[in-house]
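Read top to bottom, the protein sequences are chains A and B. Counting in our numbering, the first sequence runs without a single skipped number right up to 404 at its last residue. Counting in our numbering, the second sequence runs without a single skipped number right up to 1404 at its last residue. Notes follow the structure.
Protein chains: 2
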Amino acid sequence: MTLDEARALDAADPLAAYRAQFALPEGVIYLDGNSLGALPKATPAALADVATRQWGDRLIRSWNEGWIDAPQRIGAKIAPLIGAAADEVIIGDTTSTHLFKALVAALRANPDRHTVLSEAGNFPTDLHIAEGAVACVPGARLKVVARADLAEALDEDTAVLLLTHVHYKTGERFDMTAWTARAHDAGALMLWDLSHSVGAVPIDLNGADADLAVGCTYKYLNGGPGAPAFIYVATRWQDRLASPLSGWMGHAAPFAFEDAYRPAPGMKRWLAGTPAMLSTAALETALDLWADIDQHAVAAKSARLFDILAAAGDALGLDCVSPRDPAQRGSHISFRHPHAHAITQALIAHGVIGDFRDPDILRLGLTPLYLSHEDVWCAGEMLKKIVETGEWQNPQYSERLAVT
Amino acid sequence: MTLDEARALDAADPLAAYRAQFALPEGVIYLDGNSLGALPKATPAALADVATRQWGDRLIRSWNEGWIDAPQRIGAKIAPLIGAAADEVIIGDTTSTHLFKALVAALRANPDRHTVLSEAGNFPTDLHIAEGAVACVPGARLKVVARADLAEALDEDTAVLLLTHVHYKTGERFDMTAWTARAHDAGALMLWDLSHSVGAVPIDLNGADADLAVGCTYKYLNGGPGAPAFIYVATRWQDRLASPLSGWMGHAAPFAFEDAYRPAPGMKRWLAGTPAMLSTAALETALDLWADIDQHAVAAKSARLFDILAAAGDALGLDCVSPRDPAQRGSHISFRHPHAHAITQALIAHGVIGDFRDPDILRLGLTPLYLSHEDVWCAGEMLKKIVETGEWQNPQYSERLAVT
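The following block contains the structure:
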């Protein structure tokens, strides 16, 4: 592809106008929106309003003027992005906390079975939290197997199959419908972690008949650093599952101040403590951008952006570990290289921000809302220059940062 | 007390200058800072900086430029307010989530005992979460008794005594040193909920030899609606307790992306998911106000403010349920009245914002950083007027709001 061809794709891009909705620094091509999404231009004003007017001026009254319902209202805005009904999603806490709640609840709902099955190399918090969850349910255990062995490992003791829809490192995507059906055929509940797929690929939880899902909102949804996460519980499970984090905000009548816990009906029972309203307001603003976006247009553009970088990698003979078939991946591309860390640092030094994932992965996120084809073409050219000239061998790129 | 006397107290008030650090609406006397603290004037600019510069401009790089260490850095700023060492406190999550983690960890550390003991009428989330926590530890149970029966109920099966230092409704304060000693004499761990006392009364966890504590930062600390909560673990327990919410951010080496969980040393193991950085930044700004404040000056002013409202209540013959001895209470005053809800609504209609607590409590918070003696004197006069004239009987005050 030539620069002119990339520009021609931009001229015909139905999502091109969204770029103007984001504040991005000059001189940077940001390929890390799969880790921390960019700042929507509307967010600072929304934050100023929640701080100055809602908190500062209205004070405690704001709980009656929009705050108390925010977790459900915002959940309903995520619902169409994941194929859920409006009353099947609520936000708050973190993905890790939601995973814990969902796993303990699912294990208790399936008491004749004892195993949480997941994939080796899944995003660490999924496995770490699953360790913590099984320790809270007598007899429960965690079984972690390679992807190729998952189908065989699904057995009569599997209570929950926990899979991350798109792999954080390779970008590989599970077939949601097929794996949900496999879990159900084995008698297990299906719990999806959508952190690396929501806002990146079309998702249809109800179409796939999924039971539970959780996900992150600070990646492709641009909710802000550490934005509240979401949890989805299929309607048929809502009365049968209860959160082990039985907190006041999830009580059926919080302002009756009862000593005994009674779970609220619907999704409210998945709340525990008071939601972080400043971070919540930023998330709501970011989600409003998604109201009119066609998920399939996002996926189509993601596929084009991927092809641009895949071609650059091919020209260099790089080992692309992400699937070539768009239906089998998310919206990032990863290359395995023994010097991936130094190459990542060299790219960052030239304003192309991607990230490194231990031990040998260069990961480049493709966010169709604010990246142009030209951006990604230029990033590919920079990658070629750095690898072809050996610039990554410069000693300045050997330092390892805590977070990259 | 006369208005002139109240003004004379203001003229001599060593904390008077702090009022200028807060943005408070015109025409409001805010007596609900014990529920949601007021907005520090510095906070909107700090939020704008974290959004526009740190997130918008620095993007993912901000994790290396102050975000990753924020939970510990901010915990260290809370430490002097609660008599803890800087490395005994960390922030993140909610008070409810921290309570869950602390209770499960403490039960596991004391495996020959099975009972969490707490007080009937404790703040609901303490009891609700304790229900959830004991359900996660085989054999554990929750025992809830009246305050008068607590000492007798402490026995050889008590693993943890869970008390809220200052009662959310009455303002009664437990003697931290005495009750911690009683718990230890019985062989139990002592877990304090400081939500209604931190920033309101001097606290010395280490002086009292406490084991664990949690607390809220959006009341007297003014961290913002739903600001991250804190957890304290005494140094001697830090290696022996582990969080059941074993999340990635609490791993010993998160960026090694290991499948197996290994808890981080020190307080970092109490983290789970990614902290909500916008809400976190607001909290840090609010805490910076406390750096030079003498806790004993705060307590002394709180006592003077209390006396002003207590005198107004006495003049009306109201039933004050808060202790008269300042050493036995927090920083709010509560009156029991069969029409407390209507009186609260009438006060709010006249710009005096307090709150109602079911079924019959009018609760007025006394926040020495931004309330003057004159403010509180005027509130007392308004209370007298509303009760003496029977204005609260106006039908417009009968409506019950979701949150008051």
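We treat Cβ as the ideally placed atom computed from N, Cα and C, and that holds for glycine.
Query                                                                                                                                                                                        : Result
Identify the contact partners of Val-1100(B) in chain A, using a Cβ-Cβ distance below 7 Å as the criterion.                                                                                  : The sequence shown places Phe at residue 1100(B), rather than the Val named in the question. Within chain A, the residues near Phe-1100(B) are Leu-245.
Name, in chain order, the residues that DSSP records as bridge partners for Cys-1320(B).                                                                                                     : Phe-1335(B)
Note down, in chain order, each residue of its chain lying with its Cβ closer than 7 Å to the Cβ of Cys-378(A), except the 5 sequence neighbours on either side.                             : Ile-29
Can you tell me whether DSSP reads Ser-398(A) as helix, strand or coil?                                                                                                                      : coil
Write down the C-beta distance between Phe-100(A) and Leu-1221(B) rounded to the nearest angstrom, noting that I regard them as a contact closer than 8 Å.                                   : Not quite, the Cβ-Cβ distance comes to about 27 Å (not below 8 Å), so this is no contact.
Out of Gly-390(A), Glu-381(A), Gln-393(A), which has the shortest C-alpha to C-alpha gap to Thr-2(A)?                                                                                        : Glu-381(A)
Could you tell me which chain A residues have their CB closer than 7 Å to the CB of Trp-1192(B), listed as they occur along the chain?                                                       : Those within 7 Å of Trp-1192(B) in chain A number zero; the least Cβ separation is about 17 Å.
Which complete beta strand (DSSP E) runs does the segment 183-263 of chain A hold, if anything under 3 residues is left out?                                                                 : 189-193, 212-215, 230-233
Ala-402(A): buried (16+ other C-beta within 10 angstroms of its C-beta) or exposed?                                                                                                          : Reliability fails at Ala-402(A), whose pLDDT of 44 lies under 50, so the model's placement of it is uncertain and no value is given.
Grouping DSSP H, G and I as helix and E and B as strand, with all else coil, what is Ile-293(A)?                                                                                             : coil
What three-state label does DSSP hand Phe-1306(B) in the structure shown?                                                                                                                    : helix
Do Asp-319(A) and Phe-306(A) count as a contact pair if the criterion is CB distance below 8 Å?                                                                                              : no
With a threshold of 7 Å on Cβ separation, who are the neighbours of Gly-1266(B) within its own chain once the five nearest residues in sequence on each side are excluded?                   : Asp-1087, Gln-1238
Starting from Arg-1132(B), follow the alpha helix (DSSP H) in both directions and report where the run begins and ends.                                                                      : Just to set this straight, residue 1132(B) is Gly in the shown sequence, not Arg. Unbroken alpha helix (DSSP H) run through Gly-1132(B): 1124-1134.
Report the neighbours of Arg-357(A) on chain B: residues whose CB is nearer than 8 Å to its CB, in chain order.                                                                              : Phe-1257
In three-state terms, what does DSSP make of Phe-40(A)?                                                                                                                                      : According to the sequence displayed, residue 40(A) carries Pro and not Phe. If DSSP states are grouped into helix, strand and coil, Pro-40(A) belongs with the strands.
With 7 Å as the C-beta to C-beta threshold (strictly closer), list the residues of the segment 40-56 of chain A near chain B in chain order.                                                 : Thr-43, Pro-44, Leu-47, Ala-48, Ala-51, Thr-52, Trp-55, Gly-56
Does DSSP classify Tyr-30(A) as helix, strand or coil?                                                                                                                                       : strand
Could you have a look at Gly-83(A) and say whether DSSP puts it in helix, strand or coil?                                                                                                    : coil
If you measure from the beta carbon of Trp-248(A) to each beta carbon in chain B, is any gap under 8 Å?                                                                                      : yes
Determine, using beta carbons only, whether Ser-1343(B) comes closer than 8 Å to chain A.                                                                                                    : It should be pointed out that residue 1343(B) corresponds to Ile in this sequence rather than to Ser. No, Ile-1343(B) lies away from the interface with chain A (no Cβ there is under 8 Å from its Cβ).
Could you tell me the boundaries of the beta strand (DSSP E) in which Leu-1364(B) lies?                                                                                                      : 1361-1365
Please return the same chain residues whose Cβ sits closer than 8 Å to the Cβ of Pro-326(A), not counting the five positions on each side in sequence.                                       : Ala-299, Ser-302, Ala-303, Phe-306
When we look at the beta-carbon of Ser-1398(B) and count the other beta-carbons within 10 Å, is it buried (16 or more) or exposed?                                                           : exposed
Under the rule that 16 or more other beta-carbon atoms within 10 Å means buried, what is His-992(B), buried or exposed?                                                                      : This structure leaves residue 992(B) out entirely; chain B is present only between 1001 and 1404.
Count the CB pairs spanning the segment 1132-1145 of chain B and the segment 1256-1275 of chain B that are closer than 8 Å, and state whether there are at least three.                      : no
Please work out which residues of its chain come closer than 7 Å, Cβ to Cβ, to Trp-1248(B), disregarding the five sequence neighbours upstream and downstream, and give them in chain order. : Pro-1254
Residue range of the beta strand (DSSP E) that Ala-342(A) falls in?                                                                                                                          : Per DSSP, Ala-342(A) belongs to no beta strand (DSSP E); it is in the alpha helix (DSSP H), 340-349.
Could you list which residues in chain B have their beta carbon closer than 8 Å to that of Cys-378(A), in chain order?                                                                       : Residues of chain B passing the Cβ test: none, with the nearest at roughly 17 Å.
Check each candidate in Phe-1174(B), Asp-1049(B), Val-1376(B), Ala-1017(B) and name the one with the smallest Cα separation from Ala-1281(B).                                                : Asp-1049(B)
Closer than 9 Å by beta-carbon distance: list the chain A residues that pair up with Leu-1036(B), in chain order.                                                                            : Trp-55, Leu-59, Ile-60, Ser-62, Trp-63
Using 10 angstroms around the beta-carbon of Gly-1027(B), count the other beta-carbons present and answer buried if the total reaches 16, otherwise exposed.                                 : exposed
Here's the rule I'm using: 16 or more other beta-carbon atoms within 10 Å means buried, otherwise exposed. How should Asp-185(A) be labelled?                                                : exposed
Please report the distance separating the alpha-carbon of Thr-404(A) from that of Ser-35(A).                                                                                                 : Summary for Thr-404(A): the model assigns pLDDT 40, below 50, so the residue's position carries little reliability; its value from the coordinates is reported in the next sentence. The alpha-carbon atoms of Thr-404(A) and Ser-35(A) are separated by roughly 10 Å.
At a CB-CB cut-off below 8 Å, which residues of chain B make contact with Val-144(A)?                                                                                                        : Asp-1259
Name the chain A residues whose beta carbon is nearer than 8 Å to that of Glu-1131(B)?                                                                                                       : Ser-246, Ala-260, Tyr-261
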